[in-house]
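Start counting the sequence shown at 1; every next residue gets the next number (the UniProt record's numbering).
The C-beta atom is built at its ideal place from N, Cα and C for all residues, glycine as well.
Owing to the predicted nature of the structure, the values given are computational and were not obtained by experimental measurement.
In what follows, a single structure is set out as structure tokens and then discussed.
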Amino acid sequence: MVDALIRVTARWGVDETVAAEFAATAATFASDVICTANGRHVNGKDAMSVMSLRARRDTPVRILVAGPDERDALHALSAILSASKCGALQYMQPRPQCTPAIAER
């Protein structure tokens, strides 16, 4: 069993994009993943549970991993929460310019 205390560095905290990426990555490992933040303990392989942590920027999140590939899992999951651009890409993408279609009469 290994664990780490990771401070969320994403501008928007653990939003739906980060939670989905975290859960999808956790699901690729055989190890069990438990996340703790704000007094809540959740299954790290479930995106809705990870979102329910309500982890904002600078919130410490403890990741507890137990299983045959625990070290690899902890390394991959820690990288997701501590990535400086984590989850922010969807907000930083410029919106496409919409040109209204003018109907010919």
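Give, in chain order, every unbroken run of the beta strand (DSSP E) that is at least 3 residues long and sits entirely within the UniProt domain "HPr" (1-89). 2-7, 32-37, 40-43, 60-66
Are there three or more Cβ pairs, one per stretch, closer than 8 Å when the region 34-51 is compared with the region 19-26? yes
Name the residue from Ala76, Ala10, Ala37 whose alpha carbon lies nearest to the alpha carbon of Gln29. Within the sequence shown, residue 29 is the residue found at index 29, counting from 1. Reading off the sequence, residue 29 comes out as Phe, not Gln. Ranking Ala76, Ala10, Ala37 by Cα distance to Phe29 puts Ala76 first.
Whether Ala73 touches Ala55 by CB criterion (7 Å): The residue you call residue 73 lines up with position 73 of the sequence shown. The residue you call residue 55 lines up with position 55 of the sequence shown. In this structure, Ala55 does not lie closer than 7 Å to Ala73 by Cβ.
Exposed or buried, Gly13, counting other C-beta atoms within 10 Å across all chains shown (16 or more means buried)? Your numbering for residue 13 matches position 13 in the sequence shown. With 16 or more Cβ atoms within 10 Å of its Cβ, Gly13 is classed as buried.
Tell whether a beta-carbon distance below 7 Å holds between Val8 and Leu81. By 1-based counting over the sequence shown, the position of residue 8 is 8. By 1-based counting over the sequence shown, the position of residue 81 is 81. Cβ atoms of Val8 and Leu81: closer than 7 Å.
Alpha carbon to alpha carbon, how far is Arg57 from Val18? Within the sequence shown, numbered from 1, the residue matching residue 57 stands at position 57. Within the sequence shown, numbered from 1, the residue matching residue 18 stands at position 18. Roughly 12 Å between the two C-alpha positions.
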